[in-house]
Each structure stands twice: as C-alpha cells, then as structure tokens.
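Visitor: Please see the structure below; I have some questions.
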Amino acid sequence: MSAFKVAVTRLTMLLVRIPMVLKTIILHSLRMSPGSGKQDLRTELLTVVIRSLFTADKPMLKTQQISLRDPGIQGPMWVSKVTLPQPEFDVRDAVLSAIEALGNGHETFNLPGVMAVEAEWTGYRKGVGKKEPQLDISEEEKYHMLQKEISSDKTILYFHGGAYFMMDPCTHRVLVAHISRLTGAPVLSVRYRLAPQNPFPAALVDALTAYLSLIHPPKGSLHKPVPANKIVIAGDSAGGNLSLVLLQTLLTLRRISRTVLFHGEKVEIELPAGVACMSPWCDVTLSMPSVVRNRIWDYMDIRPGKVDEPDYSIPFPVVPFPADEVWPASPPRVDIFCNATAVSHPLVSPVAASSDLWKDAPPVFISVGEESLTDEGLIVARRIYKAGVPVRAQMFEGMPHCHGMIMMSTLASKKFFEGFTAFCSEPQADQAIPNGVLRHYGLNLQNQREIPLEKAVDVSEEEVEDRISRHKAWRIETENAMLKEWQERARL
Numbered sequence: 080m081s082a083f084k085v086a087v088t089r090l091t092m093l094l095v096r097i098p099m100v101l102k103t104i105i106l107h108s109l110r111m112s113p114g115s116g117k118q119d120l121r122t123e124l125l126t127v128v129i130r131s132l133f134t135a136d137k138p139m140l141k142t143q144q145i146s147l148r149d150p151g152i153q154g155p156m157w158v159s160k161v162t163l164p165q166p167e168f169d170v171r172d173a174v175l176s177a178i179e180a181l182g183n184g185h186e187t188f189n190l191p192g193v194m195a196v197e198a199e200w201t202g203y204r205k206g207v208g209k210k211e212p213q214l215d216i217s218e219e220e221k222y223h224m225l226q227k228e229i230s231s232d233k234t235i236l237y238f239h240g241g242a243y244f245m246m247d248p249c250t251h252r253v254l255v256a257h258i259s260r261l262t263g264a265p266v267l268s269v270r271y272r273l274a275p276q277n278p279f280p281a282a283l284v285d286a287l288t289a290y291l292s293l294i295h296p297p298k299g300s301l302h303k304p305v306p307a308n309k310i311v312i313a314g315d316s317a318g319g320n321l322s323l324v325l326l327q328t329l330l331t332l333r334r335i336s337r338t339v340l341f342h343g344e345k346v347e348i349e350l351p352a353g354v355a356c357m358s359p360w361c362d363v364t365l366s367m368p369s370v371v372r373n374r375i376w377d378y379m380d381i382r383p384g385k386v387d388e389p390d391y392s393i394p395f396p397v398v399p400f401p402a403d404e405v406w407p408a409s410p411p412r413v414d415i416f417c418n419a420t421a422v423s424h425p426l427v428s429p430v431a432a433s434s435d436l437w438k439d440a441p442p443v444f445i446s447v448g449e450e451s452l453t454d455e456g457l458i459v460a461r462r463i464y465k466a467g468v469p470v471r472a473q474m475f476e477g478m479p480h481c482h483g484m485i486m487m488s489t490l491a492s493k494k495f496f497e498g499f500t501a502f503c504s505e506p507q508a509d510q511a512i513p514n515g516v517l518r519h520y521g522l523n524l525q526n527q528r529e530i531p532l533e534k535a536v537d538v539s540e541e542e543v544e545d546r547i548s549r550h551k552a553w554r555i556e557t558e559n560a561m562l563k564e565w566q567e568r569a570r571l
C-alpha cells in the first residue's frame with residue numbers, strides 16, 4: 080500500500096471515530112463513562128478507540144495480512160534477521176511426547192511439519208534519533224554491532240502476541256528494543272507459525288526449535304552457545320501463553336526423556352533462568368469470570384456470543400470472520416488455534432496445568448491489568464506458587480490488556496517495566512524473589528498493596544475445573560455438529 084493510501088486510511092479511521100471520542104470525553108468529565116471510576120481520560124480514550132478497531136468485518140487472511148505489515152526499521156534499534164535451520168523431526172516428536180504425557184488421549188490436532196524458523200535479533204542502538212535509518216550493512220554486521228552495545232550476560236527469547244493468528248516480530252520491534260535498552264540484553268524475537276493455517280502445536284514446535292537453537296547453535300549461526308540458565312523466555316498475550324507452554328513442555332520432557340536429537344547431536348533438555356509474561360493468555364476456553372467482569376476496562380471483548388452468561392443450549396459462537404480460503408477451517412473447528420478436544424490441554428491452556436506439573440520450574444513473572452485475562456493469569460501464578468516455585472506477580476487496576484506495551488509513556492507502564500527488568504536482570508532469577516504475593520497497583524499507582532496469591536483471585540480450584548469443563552464440552556458439541564454437516568456436504 081502506498082504512503083498516500085496509508086495516510087488516507089488513517090485519516091478516515093480517525094474521522095469516523097470523532098463522535099465516539101467526544102462522547103467519551105464528555106461522559107468521563109461527568110464521571111458517567113464506564114471506565115471513569117478506574118481509568119484516567121487518556122487510558123479510557125485509548126481503550127475505547129482500540130476496542131472499536133477490534134472487528135471481524137474483514138476476512139481472516141486479510142486481517143492477518145494487515146497485522147503483518149512491516150513498518151520498517153528505524154530509530155534506536157539494531158535488528159539482525161536470521162533463519163534458524165530446520166531440525167530433525169525429533170523436535171516435533173518431543174512435543175508430541177509431551178502432549179501425550181499431559182493429555183487424556185482424546186485430544187485431536189493437526190500433525191505439524193518441522194520448519195526452519197525465522198527470527199530477529201534485536202538490541203538497543205544508542206545515540207540515534209527516532210527517524211535514523213538502519214545501516215546498509217549485512218545481517219551479520221548488524222548482529223555484531225548489536226552485540227557491541229550489550230551489557231548483560233542474559234539473552235531474552237521473545238514470543239509476540241496476537242491471539243496466535245496475528246502479529247509478527249516486525250510489529251513488536253519497538254517493544255523488544257525497549258526491553259533490550261532496559262535490561263542490556265539481546266532479544267531473539269521469533270516468527271512462529273500462525274493459525275488458522277498452522278494450528279496447535281505448530282507454534283510450540285517452532286518455539287522449542289528456537290530455544291534449542293540458542294543453547295546449541297546450528298552450523299552457520301551468528302551467535303555462540305547461550306547457557307540455558309542465562310535465557311529468560313518472555314512474551315505478551317498469546318506469546319505469554321507460548322512462553323508458559325514451552326516451559327511446561329521442557330518440564331514434561333525432563334520427566335519422560337531428558338534428551339532430544341538436535342542437528343545430529345543428542346542434547347539435554349535444560350531449563351531457562353526464568354519466564355516473564357505480560358497479560359498472558361492462559362485459558363483458550365475463555366471461561367474465567369474476568370472475561371465478563373473486566374470487559375468495561377479492556378479493549379478486548381472476548382465473551383463467547385457477547386453475553387454475560389453463556390447459553391450452553393445453543394451452538395458455541397464461532398468467530399464471525401467473512402469466509403475466505405483460510406477460515407472457516409477445513410475440516411471445520413470452532414477455535415482458530417486448536418481443535419475443541421484440545422482446548423483444555425495444559426499445552427494449549429496453561430490454566431489447566433495442575434500445580435504438580437509446575438514442580439521444579441524456574442522463577443516466573445506474571446503481570447496483568449484489570450482486563451479480560453486477569454483471572455486466568457493469576458490462577459496460573461497461584462498454581463505455580465503452590466508447586467514451590469518462586470513467583471513474582473503484579474496487577475494494575477483499571478489497566479487494559481498489555482498496557483505496558485501499548486501505553487509505554489504512562490506511570491503504570493513504567494512500573495511494569497521496572498518489575499520486568501528487575502526480574503530479567505537478576506544474576507540468577509531464582510534469588511531474592513518474593514514468594515506468593517501479588518503486588519497490586521491502584522489508579523496512577525496509588526494505594527499500592529500486597530495480596531497473598533491464595534486470595535488474589537476469587538475463583539476456587541473446583542470452580543476453575545468446572546468452568547473449563549463446561550466450556551470445553553460446549554465447543555466439542557458444536558464442533559462435532561459442524562464436522563457432521565461438513566462430512567454430509569462432502570458426500571453430496
């Protein structure tokens with residue numbers, strides 16, 4: 080798309096939203112807007128505007144392509160694009176072994192291939208302005224220039240968000256360059272395969288490939304081996320999901336088979352220094368109370384059917400994207416990311432992983448706003464803590480999904496990055512980390528308090544299991560009906 084068309088499109092999007100913006104300003108000033116009690120005007124305006132952009136009016140593939148547009152590379156960042164070579168099928172088979180070990184035997188999923196994985200080494204580039212172009216040098220030279228500015232012995236393996244069907248390392252460059260600046264560490268940002276074309280577990284296979292490639296660089300790699308205990312796995316939203324399920328995969332593989340064949344060598348399955356998540360998507364069933372309760376403060380309204388209480392007597396409401404060549408899927412499924420039978424598998428929804436499955440995990444950092452995904456993130460933090468694992472958790476009142484990333488100049492974002500940076504930068508991530516406490520921040524960081532993780536979320540373990548089970552059954556019933564109709568049409 081030309082620069083002129085982009086400008087016209089943006090202007091049109093702004094003009095049609097002027098009445099909505101003015102209405103929000105007036106109602107907020109009168110303290111009559113939905114978010115006025117917990118959000119300042121800037122936060123509520125941003126939330127309202129972004130929410131208005133979340134529509135399914137374009138086909139899935141078009142929506143995906145729009146989200147993948149590369150904005151280019153400029154400003155205070157080094158970006159070196161690399162391709163991690165395709166490993167043996169043993170890496171895929173290791174993921175399948177973990178799926179089998181954690182499942183009930185009734186899950187169905189597409190069998191993914193094993194691919195080369197594209198990624199971007201990203202680092203902070205000092206002393207340049209926001210419009211400074213990237214130097215016209217080779218990717219290898221960019222990598223070495225990046226390394227010259229690194230001050231930490233840690234490496235961050237980053238997975239972007241986007242509901243597993245959108246976004247890309249290119250959309251997260253500003254974020255990961257900021258993370259590199261604050262931590263002094265290089266960031267490897269991974270271009271994992273996206274659904275619906277590549278549903279579960281393709282992204283997990285790519286994530287394991289990237290992790291092993293850091294520790295055991297294939298021939299021709301730009302980087303030297305990175306010790307596992309110097310790697311922090313991190314991600315936002317769906318990338319937070321991928322970070323947690325990669326950790327769960329590593330924990331499971333260590334219990335059933337401590338080695339895997341990787342580029343001709345048997346390598347040990349080792350654990351990272353820690354895992355850090357921003358607004359992680361931990362429950363693909365979307366069944367926790369905050370999905371409904373917190374929607375007024377979030378730009379993501381992800382309620383199935385857009386109702387407060389689901390009606391299990393009617394079919395599960397499939398995402399209503401206009402039909403195209405990738406969606407609805409063939410064979411049909413109700414979820415973009417996975418088959419209904421797999422939606423509660425611990426490697427799909429980390430909230431389904433019981434406490435004992437997190438035993439021996441490295442430290443975990445989880446940060447959430449007062450958003451649709453709040454409950455599931457805190458339930459996962461609670462379960463990990465019950466396993467005896469050091470957990471650092473924080474919550475920001477009135478803040479929407481991934482506020483640290485989308486509102487980087489605010490006090491709440493700065494406080495988020497303060498905690499994130501401290502976690503990633505510690506010599507050993509398992510030292511001096513408070514256990515079992517949620518640090519709760521009020522509006523504009525007022526009324527800071529500490530809440531025991533056991534009391535941080537008012538959803539019992541029994542209710543968690545019941546909600547997941549009912550939402551899973553709802554999906555399976557709908558998906559089975561869709562499959563039956565699809566098969567009947569195929570016979571005609």
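Numbering (the working numbering), first residue to last: 80 to 571. Backbone N, C-alpha and C define an ideal beta-carbon position, used for all residues, glycine too. None of these values were measured; they are calculated from a predicted model.
1. Rounded to a whole number of angstroms, what is the C-alpha to C-alpha distance between Ser-316 and Leu-214?
2. Name the DSSP bridge partner or partners of Arg-270?
3. Find out if the Cβ-Cβ distance for the pair His-239, Gly-318 is shorter than 7 Å.
4. Using only the alpha-carbon positions, how far apart do Thr-142 and Ala-466 sit?
5. Using a 10 Å radius around the Cβ and a threshold of 16 neighbouring Cβ atoms, would you call Glu-199 buried or exposed?
6. Please tell me whether Pro-351 and Ile-294 are closer than 7 Å, where the distance is taken between their beta carbons.
7. For a test of the three-state rule: what should DSSP assign to Glu-449, helix, strand or coil?
8. Are there three or more Cβ pairs, one per stretch, closer than 8 Å when the region 258-265 is compared with the region 528-544?
9. When the distance is taken between beta carbons, is Leu-452 closer than 7 Å to Lys-494?
10. Near Thr-234, which residues of its chain fall below 7 Å by C-beta distance, leaving aside the five closest residues on each side in sequence?
11. Is the CB-CB distance between Val-174 and Pro-297 below 7 Å?
12. Once you ignore the five residues that flank Gly-521 on each side, which residues in its own chain have a CB closer than 6 Å to its CB?
13. Whole angstroms are fine: how far does the CA of Val-430 sit from the CA of Leu-571?
14. Going by DSSP in three states, Met-357 sits in which element: helix, strand or coil?
15. His-550 and Thr-420 - do their beta-carbons sit closer together than 7 Å?
16. Hey, Arg-518 and Ala-472 are a contact pair by Cβ (cut 8 Å); roughly how many whole angstroms apart?
17. Could you please give the first and the last residue of the uninterrupted beta strand (DSSP E) stretch that includes Gly-314?
18. Buried or exposed, going by whether 16 or more other CB atoms sit within 10 Å of the CB of Gln-118?
19. What would DSSP say about Ala-511, mapped onto helix, strand or coil?
20. Taking the C-alpha atoms as reference points, what is the distance between Gly-151 and Trp-157?
21. Assuming Asp-377 contacts Glu-450 (C-beta within less than 8 Å), just tell me the rounded distance between them.
22. Quick check: the Cα distance between Ala-408 and Phe-416, rounded to an integer number of angstroms?
23. Give me the residue from Glu-556, Leu-490, Phe-341 and Met-245 with the minimum Cα distance to Val-284.
24. For the putative contact between Ser-433 and Ile-335, defined by C-beta atoms under 8 Å, what is the C-beta separation to the nearest angstrom?
25. What residues match up with Thr-162 in a beta bridge as DSSP calls it?
26. Where does Thr-187 land, buried or exposed, given buried means 16+ other C-beta within 10 angstroms?
27. Verify whether the separation of the beta carbon atoms of Pro-425 and Gln-276 is less than 7 Å.
28. Where do the N-terminal and C-terminal ends of the alpha helix (DSSP H) with Tyr-290 fall, by residue?
29. Tell me which same chain residues have a C-beta within less than 8 Å of the C-beta of Arg-461, skipping the five on either side of it?
30. Is the beta carbon of Gly-384 sitting closer than 7 Å to the one on Pro-396?
31. Can you give me the start and stop residues for the alpha helix (DSSP H) that His-482 sits inside?
32. Nearest to Lys-137 by CA position, among Lys-102, Gly-343 and Val-405, is which residue?
33. Asn-559: which of Pro-411, Val-339, Lys-209 and Asp-172 sits nearest, CA to CA?
34. Closest to Ile-463 by CA distance: which of Met-484, Glu-455 and Ala-440 is it?
35. Going straight from the alpha carbon of Ala-501 to that of Tyr-203, what length do you get?
36. Residues bridged to Thr-234 by DSSP?
Guide: Looking at the atomic coordinates:
1. In the sequence shown, residue 316 corresponds to position 237, counting from 1. In the sequence shown, residue 214 corresponds to position 135, counting from 1. C-alpha separation (whole angstroms): 32 Å.
2. Translated into positions along the sequence shown, residue 270 becomes position 191. Its beta-bridge partners are Glu-197.
3. Taking the sequence shown and counting its residues from 1, the one referred to as residue 239 is at position 160. Taking the sequence shown and counting its residues from 1, the one referred to as residue 318 is at position 239. Contact: yes.
4. Along the sequence shown, read from residue 1 onward, the residue named residue 142 stands at position 63. Along the sequence shown, read from residue 1 onward, the residue named residue 466 stands at position 387. Whole-angstrom Cα-Cα distance: 40 Å.
5. Counted from its first residue, the sequence shown places residue 199 at position 120. Glu-199 should be labelled buried.
6. Here residue 351 corresponds to residue number 272 of the sequence shown, with the count starting at 1. Here residue 294 corresponds to residue number 215 of the sequence shown, with the count starting at 1. Cβ distance not < 7 Å, so Pro-351 and Ile-294 don't count as in contact.
7. Numbered from 1 along the sequence shown, position 370 holds the residue referred to as residue 449. Three-state result, Glu-449: coil.
8. no
9. Here residue 494 is taken as the residue at index 415 of the sequence shown, counted from 1. Here residue 452 is taken as the residue at index 373 of the sequence shown, counted from 1. Their beta carbons are not under 7 Å apart, which means Lys-494 does not touch Leu-452 by this criterion.
10. Numbered from 1 along the sequence shown, position 155 holds the residue referred to as residue 234. Contacts found: Ala-264, Pro-265, Leu-267, Leu-293, Val-305, Lys-309 and Ile-310.
11. Here residue 174 refers to the residue found at position 95 when the sequence shown is read from its first residue. Here residue 297 refers to the residue found at position 218 when the sequence shown is read from its first residue. For Val-174 and Pro-297, no; Cβs fall outside 7 Å.
12. One-based indexing of the sequence shown puts residue 521 at position 442. Result list for Gly-521: Glu-476, in chain order.
13. Here residue 571 is taken as the residue at index 492 of the sequence shown, counted from 1. Here residue 430 is taken as the residue at index 351 of the sequence shown, counted from 1. C-alpha separation (whole angstroms): 42 Å.
14. Indexing the sequence shown from 1 puts residue 357 at position 278. Strand at Met-357.
15. Here residue 420 is taken as the residue at index 341 of the sequence shown, counted from 1. Here residue 550 is taken as the residue at index 471 of the sequence shown, counted from 1. No; because the gap between Cβ atoms is not below 7 Å, this pair is not in contact.
16. For the purposes of this step, residue 518 is taken as residue 439 along the sequence shown, with counting starting at 1. For the purposes of this step, residue 472 is taken as residue 393 along the sequence shown, with counting starting at 1. Indeed they touch by this definition, with Cβ atoms about 7 Å apart.
17. Here residue 314 refers to the residue found at position 235 when the sequence shown is read from its first residue. Run containing Gly-314: 310-315, per the beta strand (DSSP E) assignment.
18. Walking along the sequence shown from the start, residue 118 turns up at place 39. Its Cβ being crowded by 16 or more others within 10 Å, Gln-118 is buried.
19. Mapped onto the sequence shown, residue 511 falls at position 432. Confidence is the limiting factor: at Ala-511 the pLDDT is only 47, short of 50, which leaves the residue's position unreliable, though a coordinate-based value still follows. The answer is coil: DSSP assigns Ala-511 none of H, G, I, E or B.
20. Residue 151 sits at position 72 when you count from the first residue of the sequence shown. Residue 157 sits at position 78 when you count from the first residue of the sequence shown. Computed Cα separation, rounded: 12 Å.
21. On the sequence shown, position 298 is the one that residue 377 refers to. On the sequence shown, position 371 is the one that residue 450 refers to. Indeed, because the Cβ distance is near 4 Å, the residues count as touching under 8 Å.
22. Within the sequence shown, numbered from 1, the residue matching residue 408 stands at position 329. Within the sequence shown, numbered from 1, the residue matching residue 416 stands at position 337. If I take the Cα positions, the gap works out to 10 Å.
23. Working through the sequence shown from its first residue, we reach residue 284 at position 205. Out of Glu-556, Leu-490, Phe-341 and Met-245, Phe-341 has the C-alpha closest to the C-alpha of Val-284.
24. For this step, residue 433 is matched to residue 354 along the sequence shown. For this step, residue 335 is matched to residue 256 along the sequence shown. Wrong, their Cβ atoms sit about 17 Å apart, outside the cutoff.
25. One-based indexing of the sequence shown puts residue 162 at position 83. According to DSSP, Thr-162 bridges with Glu-197.
26. In the sequence shown, the residue the question calls residue 187 occupies position 108. With fewer than 16 other Cβ atoms within 10 Å, it is exposed.
27. As a first step, residue 425 must be located in the sequence shown, where it is residue number 346. As a first step, residue 276 must be located in the sequence shown, where it is residue number 197. Taking 7 Å as the Cβ cut-off, Pro-425 and Gln-276 do not qualify as a contacting pair.
28. Working through the sequence shown from its first residue, we reach residue 290 at position 211. First-last of the alpha helix (DSSP H) with Tyr-290: 281-294.
29. Taking the sequence shown and counting its residues from 1, the one referred to as residue 461 is at position 382. Closer than 8 Å at Cβ, skipping near neighbours: Leu-532, Glu-533, Ala-535 and Val-536.
30. By one-based count along the sequence shown, residue 384 stands at place 305. By one-based count along the sequence shown, residue 396 stands at place 317. Result yes, Cβ atoms of Gly-384 and Pro-396 sit closer than 7 Å.
31. Here residue 482 corresponds to residue number 403 of the sequence shown, with the count starting at 1. From DSSP, the alpha helix (DSSP H) with His-482 extends over 482-485.
32. Taking the sequence shown and counting its residues from 1, one reaches residue 137 at position 58. Of the candidates Lys-102, Gly-343 and Val-405, the one whose C-alpha sits nearest the C-alpha of Lys-137 is Val-405.
33. Within the sequence shown, numbered from 1, the residue matching residue 559 stands at position 480. Of Pro-411, Val-339, Lys-209 and Asp-172, the residue nearest in Cα terms is Pro-411.
34. One-based indexing of the sequence shown puts residue 463 at position 384. Among Met-484, Glu-455 and Ala-440, the Cα nearest to that of Ile-463 belongs to Ala-440.
35. Here residue 501 is taken as the residue at index 422 of the sequence shown, counted from 1. Here residue 203 is taken as the residue at index 124 of the sequence shown, counted from 1. Roughly 18 Å between the two C-alpha positions.
36. As a first step, residue 234 must be located in the sequence shown, where it is residue number 155. Ile-310.
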